[in-house]
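Numbering follows my numbering, with no gaps: position 59 of the sequence shown is 59. No residue lacks a Cβ here, since even glycine has one placed at the ideal position from N, Cα and C. Values in this document were obtained by computation on a predicted structure and should not be read as measured data. As structure tokens, the structure follows; a few thoughts come after it.
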Amino acid sequence: MLLMQIVEKTGKTKDMAIEEALRELNASRDMVVIEILEEEKEGILGIFGARPAKVRVTMKDDKRKLAGDLLENILKYMNVPCSVKVENAGENQTTLLIDGENVGNVIGKRGSTLNALEYLLNVMVNKEGTDKLSVNIDASGYRESRVKSLEELSLKLAAKVKETNKSVELEPMTSQERKVIHTTLKNNNDVYTYSKGEEPYRKVVISAKNKMRGGAGQGKSGDEAPRGERSGQGGDNRNRDRKRRPSTHHGEKTGGTGGNNNNNNNNNTGSSAPRKQFQNPPTRTAINTAVENLMKSNEASRTSNPEKND
């Protein structure tokens, strides 16, 4: 539960009282709720019956500060001496910047530790209250370098897909990382992208445009599979089956045609790869356990075998 900070101040005017309260709270007007308890009164000749204004200023739930404090405590438990800077990234958003000598242990392989911490903090910070805060974590500019790496990777894989005419599945990524892939290849003339699976195992697929059937959804990059990928190919398979189906003579209708239908259905089933079943997203308990194990693992390997950042 967040602790509320409340200050009551008086001043010659209500604006002066408010400014005094804001200075004490070290806050701006958009961070507080202001109540006017008493309006100022000038009195006769500005002396007799004069009354100062009185205000009550209450800090809004400061989830940004809470997120920063939580991250600092987690880093202490991980025995990683790093500093945390809280930045306002816009309405209902904040960025936590981590800096220190052993920041590589916080990043992990391809940002895995950083992503786990970010997921955990978003759950913890938003478990109470109606206003949701999006928490982003960065360490020594890793996110920017990761974006560049993903852009280069997507272009390289797009060229491979064009050459081989075979789809490529990338490893599971966060929504921000998937968006980088989609954006980079959005206007590519040879491939299109879509995402499949459930969080946190959702991944991007890059496919050649000339593999699409019926034209539906062609050329669209996004976070969902194009309709042409899901339904267009199925329709083409059924048309091909009808064309290849041998003609039957009178009397063979019941047995022969039924057998052909069964074969065609089997062929249709085998022609497309089975859909991979993804696990459900982990529970809070599972996330907490994973982070605890991650801390122990990082501590054990911190000096002997540090992980690469990317």
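In the DSSP annotation of this structure, the continuous segment of the alpha helix (DSSP H) that includes Asp15 starts and ends at 14-25.
Restricted to the region 139-211, the alpha helix (DSSP H) segments that are unbroken, complete and at least 4 residues in length are 142-164, 175-184, listed in chain order.
Lys203 places its beta carbon less than 9 Å from that of Glu169. Looking at the DSSP output, Arg110 bridges to nothing.
Measuring C-alpha to C-alpha distances from Val106 to each of Asn126, Val135, Gln93, Lys76 identifies Lys76 as the nearest.
In the DSSP assignment, Asn88 falls within the beta strand (DSSP E) that extends over 82-90. For Ala50, there is no enclosing alpha helix (DSSP H), as DSSP marks it with neither H nor E. Annotation for Glu72: the continuous alpha helix (DSSP H) segment containing it runs 63-77. The beta carbon of Lys162 sits closer than 7 Å to the beta carbons of Asp190, Val191, Ala208 from its chain, once the five residues preceding and following it are set aside; these are given in chain order.
When only Cα atoms are considered, Gly68 and Lys132 end up about 15 Å apart. With the rule of 3 Cβ pairs closer than 8 Å, the region 130-150 counts as touching the region 54-67. The beta carbon of Ile6 lies closer than 6 Å to those of Thr58 in the same chain, with the five residues before and after it left out. Within the model, the alpha-carbon separation for Glu144 versus Arg29 is close to 32 Å.
When rounded, the separation of the alpha-carbon atoms in Pro52 and Glu40 is 5 Å. Exclusion of the five residues before and after Glu118 leaves Ile137 as the residues of its chain whose Cβ lies within less than 6 Å of its Cβ. Take Glu87, set aside five residues on each side of it, and the residues of its chain with a beta-carbon closer than 6 Å to its own are Thr95, in chain order. Inclusion of Ser175 and Glu198 in the CB contact set at 9 Å is not warranted, their separation being larger than that value. Residue state for Asn122 is assigned as helix, using DSSP reduced to three classes.
Going by beta carbons, Val84 and Asn102 fall outside the 9 Å limit.
Assigned with DSSP and collapsed to three states, Asp131 falls in coil, not helix or strand.
Val55 is not a Cβ neighbour of Lys12, given a cutoff of 9 Å.
Counting the other Cβ atoms within 10 Å of the Cβ of Lys14 gives 16 or more, which makes it buried.
Contact check for Ser149 against Ile206 fails: the beta carbons are separated by 9 Å or more.
For the options Asn165, Gly90, Leu157, the alpha carbon positioned closest to that of Glu171 is the one of Leu157. Contact between Tyr142 and Leu97 is absent: CB atoms are separated by about 10 Å, not below the 8 Å threshold.
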